[in-house]
Every structure is written in structure tokens, then in C-alpha cells.
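Heads up: the structure comes next, in C-alpha cells.
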Amino acid sequence: MLGYFSSWVLMLVTLAVALFAEAIHTFLSSKSLSRRGTVVSFIPLRDIFRSITVPVSLPENAAVRLSIYLPCLALAGLIPIAASIPFFSFVPVMDNGGDLMQILQFALLSETLAILSVLSLGTPAAEATAKRMMNELIGLIVPMMAAFVSIGFYYSASGVQGDPFSLNTFTKAQHMSASVPFSLTGTLMFIFVIFSRIPHSNAGFGCSLLENGELPDFNGAPRSTLQLWSIFRAFLVVALVTHIFFPWVFFKGLNAGFSISWWAQSVNFAAFWSTVLLIRVFGVTLCWKVHELLERSIKIKSCGTWLYIILTVTATLLVVYEGIKISMETAAF
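Sequential numbering of the sequence shown, starting at 113, is according to the working numbering.
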């Protein structure tokens with residue numbers, strides 16, 4: 113355990129970056145809302161950490177053990193996902209990138225545990241919140257699965273060496289090249305859909321669960337753990353998507369100037385997570401705003417759902433078409 117001390121420190125740094133990104137976003141959003149006369153907390157993370165010290169409070173009908181322990185297990189379920197992302201730590205096993213399908217399986221496990229922890233409260237309000245979480249899960253996991261499968265198919269069709277469904281395969285960045293316009297367009301559409309479907313507060317704050325004061329009879333460390341889980345989940349989604357279009361080729365060339373690999377890894381670590389931080393604060397918010405604007409401008413019933421389906425299907429077809437096109441060109445030779 114002590115031998116991996118530096119890696120554990122880096123993991124904590126990554127978690128701190130996730131909280132810092134959420135703090136910046138919620139602070140800016142709160143400041144904007146306060147100008148409109150809405151009373152909000154300028155430091156919502158402070159409220160989350162303060163509630164950890166509050167005695168645990170549960171509804172009368174709650175399944176006590178499930179309500180207390182499942183939030184911790186849900187948060188722990190995100191660690192394997194985080195460990196599969198390059199530069200989450202410098203441990204070689206964790207730095208090799210994970211299998212995309214395994215990442216999604218852990219995501220489903222973590223989400224399921226979180227939903228069950230809310231359902232275990234046993235109140236109508238908890239059931240409504242759990243139902244909303246299930247809808248948000250479907251809305252987020254479907255485009256992510258479509259993106260990973262279609263991009264993996266593209267790399268398989270292009271004859272890439274290694275596992276096309278490994279996260280490290282995306283470091284080749286071939287699918288973001290201007291020479292493959294259909295794949296590039298489809299990937300950008302996937303990015304917009306996934307970012308716009310990241311669960312967030314309707315009040316315009318951040319990604320913290322129960323941020324609007326839902327379930328007031330559920331307090332203490334379990335509530336704070338669920339809120340931290342939701343913040344970290346959103347940050348990991350941004351990190352996974354950022355990995356799809358991050359300019360890995362440029363940084364590989366930059367690393368050639370370093371004689372010590374640890375310096376190269378340090379540069380990559382700082383560059384990647386700084387990019388994730390900026391995208392979480394500004395890029396995701398922009399996608400939320402654009403999606404909201406499109407819903408308002410298109411006067412169709414269930415416009416948001418139809419827009420989500422059309423964009424996801426179109427993006428999938430574009431990337432798959434590019435893969436088929438490349439395989440046909442290869443076969444022609």
C-alpha cells in the first residue's frame with residue numbers, strides 16, 4: 113500500500129480537481145442567479161461537507177442499512193472507471209486504459225447502487241427521485257454506448273492494431289482527423305449529446321444530486337456521499353469524453369523532447385486534467401444552454417427526446433459509415 117503512495121496522492125488530486133470544477137461552475141451559476149433575485153448558496157460544496165457532520169436522519173419507513181451503506185458502495189463503484197482513464201494515476205496497471213464495455217458495466221453498477229439507496233428511503237418523494245435518476249441514466253448511458261461501439265467499429269474497420277474497444281485505442285485520434293469528415297462530424301455530435309445529457313440541477317446549478325432541496329428528511333453523511341458521487345460521476349463522464357478528442361498525437365510529439373519519462377507523464381497529467389477542468393466548467397455548460405435553446409425554439413411535443421434520438425442515431429450512422437467506407441477502400445486494394 114505504501115509503495116503506491118504517490119499514486120494514491122494523484123488519485124486524490126484528481127478527485128480534488130472534480131470538486132474544484134464543480135465549485136467554480138456552481139459559484140458562477142449562483143452569482144448569475146443571485147442577480148435575478150434568486151437566493152442561493154455561493155459555496156454549495158461547503159454545505160455538502162458541513163452536512164457530513166450532521167447526525168444521520170432517515171424517513172421512518174427507510175431500510176436503514178441500505179440507505180446508509182449503498183451510497184458508499186455507489187461511490188466506490190466509480191473508482192474502477194476512474195482508474196481506467198490514463199493519467200488518473202501513474203500505476204502501470206491503471207495507466208493502460210480500460211475496456212469500454214467494462215467501463216459501462218461499472219457505470220451501470222454504480223448507478224444502480226445509487227438508485228437503490230434512494231429507493232430504500234421508502235417515501236413517495238424518494239420513488240419520484242429514483243425514477244428521475246433512472247431516466248437520466250438511460251439518457252446518458254445510451255449515447256455513450258453508441259459512441260463507444262461505433263468508434264470501436266471504426267477502428268476495427270480501419271485495421272488498427274490491438275483491441276479497438278480499449279480506451280487507449282482512442283489515443284491514435286484517427287477518428288478526429290479532417291480526412292475522415294463523417295467520423296469527425298459524428299464524434300462531435302456524440303460529444304454534444306453526451307454533455308447535454310449529463311444530469312444536472314433544473315435550477316441552473318451544477319451536477320450535485322438533491323441540490324434543489326429534495327428529500328429534506330434524508331440528511332447526514334449518506335446524503336453528502338450521494339452528492340459527492342453525483343459530482344464525481346459527472347466529472348468522469350467529461351473525462352471519458354475528453355479522452356475521445358484530446359490531441360494525444362501532439363502531446364506524444366511534445367514528450368519526445370523529454371529524456372525522463374516521468375517529466376513527460378507529468379506534462380500529460382497536467383494538460384489532460386486541465387482540459388477536463390475547463391470543459392467541465394465551460395464546455396458542458398454551453399451544451400446545456402444550447403440544448404435548452406433548441407428545445408425552446410422547436411415547438412414540437414417531447415422535442416428534447418426526439419432531438420436526443422435523432423442526434424444519437426445520426427452520429428452513430430456517420431461514424432459507422434466512415435468505418436464501412438474505409439474497409440471498402442482497403443478491400444479494393
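We treat Cβ as the ideally placed atom computed from N, Cα and C, and that holds for glycine.
Checklist entry - Which word fits residue 172, buried or exposed, when buried means at least 16 other C-beta atoms lie within 10 angstroms of its C-beta? => result exposed
Checklist entry - Tell me, which residues are paired with residue 211 by DSSP? => result 278
Checklist entry - Does DSSP put residue 232 in a helix, a strand or coil? => result coil
Checklist entry - In three-state terms, what does DSSP make of residue 331? => result strand
Item to check | Inter-stretch contact (C-beta, 8 angstroms, three-pair minimum) for the stretch 423–430 and the stretch 287–303 | outcome: yes
Next on the checklist: I need the boundaries of the alpha helix (DSSP H) containing residue 288, first residue and last residue.
Outcome noted: No alpha helix (DSSP H) holds residue 288; DSSP gives it neither H nor E.
Next on the checklist: When you compare the CB positions of residue 305 and residue 420, do they come within less than 8 angstroms of one another, or not?
Outcome noted: yes
Item to check | Reference residue 441; option with closest CA among 296, 269 and 254 | outcome: 269
Checklist entry - Which one of 342, 263 and 343 has the shortest CA to CA distance from residue 355? => result 263
Item to check | Cβ neighbours of residue 174 in the same chain (closer than 7 angstroms, five flanking residues each side left out) | outcome: 232, 233 and 234
Item to check | Beta-carbon contacts of residue 371 that lie in its chain and below 7 angstroms, excluding the five residues immediately before and after | outcome: Reliability of the predicted coordinates at residue 371 is poor, the pLDDT of 47 falling under 50, and no value is obtained from them.
Item to check | Cβ-based neighbour list, residue 53, same chain, cut-off 6 angstroms, excluding 5 preceding and 5 following | outcome: Nothing about residue 53 can be reported from this structure: the residues present for the chain run from 113 to 445 only.
Item to check | Whether residue 133 touches residue 347 by CB criterion (8 angstroms) | outcome: yes
Checklist entry - In three-state DSSP terms, what is residue 320? => result coil
Next on the checklist: Measuring straight from C-alpha to C-alpha, what distance separates residue 278 and residue 194?
Outcome noted: 14 angstroms
Checklist entry - So is residue 289 buried or exposed if we call it buried at 16+ other beta carbons inside 10 Å? => result exposed
Checklist entry - Using CA coordinates, which residue listed in 127, 249, 212 and 243 is at the minimum distance from residue 282? => result 212
Checklist entry - From residue 466 to residue 416, what distance separates their C-alpha atoms? => result Residue 466 falls outside the range modelled here, since the chain spans only 113 to 445, and no answer is possible.
Item to check | Cα-Cα separation, residue 225 to residue 183 | outcome: 7 angstroms
Item to check | Distance, residue 167 Cα to residue 406 Cα | outcome: 44 angstroms
Next on the checklist: Just to confirm, is the Cβ distance from residue 189 to residue 221 under 8 angstroms?
Outcome noted: yes
Item to check | Residue from 138, 187, 229 and 343 with nearest C-alpha to residue 327 | outcome: 229
Checklist entry - Measuring CA to CA, which of 163, 287 and 384 is closest to residue 266? => result 287
Next on the checklist: Taking the beta carbon of residue 414 as the centre, do at least 16 other beta carbons fall within 10 Å, making it buried, or is it exposed?
Outcome noted: exposed
Item to check | Simplified DSSP state of residue 270, which is helix, strand or coil | outcome: coil
Next on the checklist: Please list the terminal residues of the continuous alpha helix (DSSP H) segment that includes residue 304.
Outcome noted: 293–308
Checklist entry - Which residues mark the beginning and the end of the alpha helix (DSSP H) in which residue 407 is found? => result 396–409
Checklist entry - Going straight from the alpha carbon of residue 323 to that of residue 339, what length do you get? => result 8 angstroms
Checklist entry - Residues in its own chain within less than 7 angstroms of residue 386 by CB, not counting five upstream and five downstream? => result none
Checklist entry - Which one or two residues does DSSP pair with residue 169 in a beta bridge? => result 331
Checklist entry - Distance, Cα to Cα, residue 186 vs residue 341? => result 7 angstroms
Checklist entry - Between which two residues does the alpha helix (DSSP H) harbouring residue 175 extend? => result Premise fails: residue 175 is in no alpha helix (DSSP H) and is neither H nor E.
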